[in-house]
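Read through the structure below, which is laid out as structure tokens, and then see the notes.
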Amino acid sequence: VGAREGVVGDGEVLRLLILGDSAAAGVGAVHQGEALSGQLVGRLARAHRVCWSLWAQMGLDSQALLERLEQHAPQPFDVALLSIGVNDVTGMLTVDQWIARQQQLIEVLTDKFAVRLIVFSPLPPMHLFPALPQPLRWYLGHRAARFNARLAELTGHVHHCRMLDTHLAPVAGSMASDGFHPGPAIYSVWAEDAAQVIARHLTETASGKL
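Position one of the sequence shown corresponds to residue 159 (the working numbering), numbered consecutively onward.
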């Protein structure tokens, strides 16, 4: 529930795209104001006029997100925040196949949408998800950790990409009632970390370091 695009704040314009799966869409929060998009936009709007869009849907994997971006009309953004991969971890992709799709996402966001900074969210520690039974929980957690390691390697070699080091581990009361999706407390930490990475990039860009 809530807006999926808008303009908030005063200052230099910042065009922000949040995209991906159910976590990007805010599943687990009652309202977008408590979700990743609302909490991130609120933080960035303290110093910028944020023109933001949310392109996210429950169940999306990397291939489905790529197809949506390819179908979408070109539109320029300064920053894109991605939450994608959980549905790839639960699927049949190998780590190499998944990384190839992340490279494609980088190319599309850069070439078609003129994104200057691409921020990847880490996959959550799925071995701690209360909704998953063992040994599935352990297996998916191991896959998620391998995906994260390769994603960190990829983003470390692309100058306009960053990977958040947010620890998305659930603690008591921080998950949604389904035991699988983040709750507002996790979205808050996630948004704060993303806001800091974005602010640091904007400061470095303004000072000519990039």
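Even for Gly, the Cβ is constructed at its ideal location relative to N, Cα and C.
Contacts around residue i, its chain only, beta-carbon distance under 6 Å, and the 5 residues preceding and following it disregarded
i	result
K270	P232
H285	R295, W296, G299
Beta-ladder partner(s) of residue i, from DSSP
i	result
H171	Note that residue 171 corresponds to Val in the displayed sequence, not to His. Partner(s): R207.
A238	L175, I276
L212	I176
M321	F278
E163	S211
P232	In the DSSP output, where bridge partners are listed per residue, P232 has none listed.
Reference residue i; option with closest CA among the options
i	options	result
Q261	V244, R173, R308	R308
C319	G249, L298, Q255, I264	I264
V277	G164, G249, I356	I356
A343	I176, G164, G196	G196
T363	D219, H206, A222, L275	L275
T361	H189, A182, L194, H206	H206
A310	S279, Q292, P293, L290	S279
T324	A193, P283, H317	P283
A182	H359, H317, A238, I257	A238
I242	G341, L172, S180, H317	S180
D236	V273, L267, H315	V273
Own chain partners of residue i with C-beta closer than 7 Å, once the 5 adjacent residues on each side are dropped
i	result
A203	V166, G167
E163	W210, S211, L212
V253	R304, F305, R308
Buried or exposed by the 16-neighbour rule on C-beta atoms within 10 Å, applied to residue i
i	result
A353	buried
Q255	exposed
W213	buried
R201	buried
V184	Per the sequence shown, residue 184 should be read as Gly rather than Val. Counting Cβ neighbours within 10 Å, G184 comes out buried, since at least 16 surround it.
I176	buried
Can you list the alpha helix (DSSP H) stretches of 4 or more residues lying completely in the segment 270 to 316, in chain order? Correct list: 294 to 313.
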